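Residue numbers (our numbering), protein chains in the order written: chain A, 28 to 103; chain B, 241 to 449.
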């Protein structure tokens with residue numbers, strides 16, 4: 028249950044998703060990846076992608092136009 | 241712990257709503273027409289921001305990530321628009337109201353412009369409405385994209401006459417004039433349904449479900 032985070036401020040989709048995919052490969056099952064973005068499309072894209080891949084994802088709009096995401100890696 | 245650096249923006253939101261209401265009340269004293277257009281614009285922007293609809297994502301994700309949810313949402317949007325347009329167009333022809341649609345025939349300039357816009361919108365991470373919406377959200381990178389957009393629009397507007405003169409354009413085709421309204425609608429909706437099936441199939445194939 029380690030928490031990882033990657034720096035994706037100011038990045039436009041799909042770059043954050045590609046970075047997250049890369050990071051997920053190096054993570055163990057049960058680890059959590061924390062992401063914060065101000066790009067609306069990025070956040071939605073990651074949520075849709077995680078659901079399609081059956082990962083657990085929690086999304087919260089913490090301030091106007093800023094999204095906080097927590098992605099749990101449930102399987103390899 | 242990560243969320244502690246953000247404060248609730250509720251009072252800003254309320255303040256903004258009050259400001260907008262007052263502004264609209266002021267505007268309605270000058271012109272009802274302007275007020276209605278402003279309300280429509282603000283509502284569109286609000287829906288765009290909250291739905292986070294992204295045309296770029298709809299067209300790019302199938303190829304890049306193999307996801308087609310948004311592509312299908314876009315097809316649904318097209319379907320609803322087609323039905324709405326048919327309704328408006330039919331109503332207008334019943335009452336003899338001329339429609340000004342700003343629709344132009346296809347030509348080489350359409351293809352060149354489409355390719356340029358496509359490259360630009362993937363690099364900028366947003367189409368026109370997406371860029372405008374994200375400027376409002378505070379995504380600073382889009383200010384640069386907005387400048388590029390303005391340059392592109394001015395260049396296109398200045399040069400479109402030359403493109404038309406050099407390459408010409410195909411004659412305009414209005415399908416309802418050829419097939420009639422109902423067959424056209426059936427044709428269009430069924431081709432959208434076929435695209436929807438294609439998109440579902442593509443996602444299944446790409447994500448291996």
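No residue lacks a Cβ here, since even glycine has one placed at the ideal position from N, Cα and C. None of the values given here were measured: they were computed from a predicted structure.
Under the Cβ distance rule, residue 365 of chain B counts among the residues neighbouring chain A, one pair being separated by less than 7 Å. Around the CB of residue 35 of chain A, 16 or more other CB atoms lie within 10 Å, so the residue is classed as buried. Boundaries of the alpha helix (DSSP H) harbouring residue 397 of chain B: 381-407, taken from the DSSP string. In the three-state reduction of the DSSP assignment, residue 29 of chain A falls in the coil class.
Within the region 345-380 of chain B, complete alpha helix (DSSP H) segments of at least 4 residues are found at 348-364 and 368-377, given in chain order.
Chain B places a beta carbon closer than 7 Å to that of residue 65 of chain A, counting this residue as a contact.
In this chain, residue 59 of chain A is not harboured by any alpha helix (DSSP H); it is covered by the beta strand (DSSP E) spanning 59-64. Non-local beta-carbon contacts of residue 318 of chain B in its own chain, meaning distances under 7 Å to residues more than five positions away in sequence, involve 432 in chain order. Taking a Cβ-Cβ threshold of 7 Å, none of the residues of chain B is close to residue 47 of chain A; the smallest such distance is about 11 Å. Here residue 347 of chain B has 403, 404, 407, 408, 409 and 410 as same chain residues with Cβ atoms under 8 Å from its own Cβ, once five neighbours each way along the sequence are excluded. For residue 49 of chain A, the enclosing alpha helix (DSSP H) covers residues 42-52. Shown in chain order are the members of the region 349-375 of chain B whose Cβ falls below 8 Å from a Cβ of chain A: 364, 365, 366, 370, 373 and 374. In this structure, the CA atom of residue 443 of chain B is about 17 Å from the CA atom of residue 41 of chain A. For residue 71 of chain A, a Cβ of chain B is located within less than 7 Å of the residue's own Cβ.
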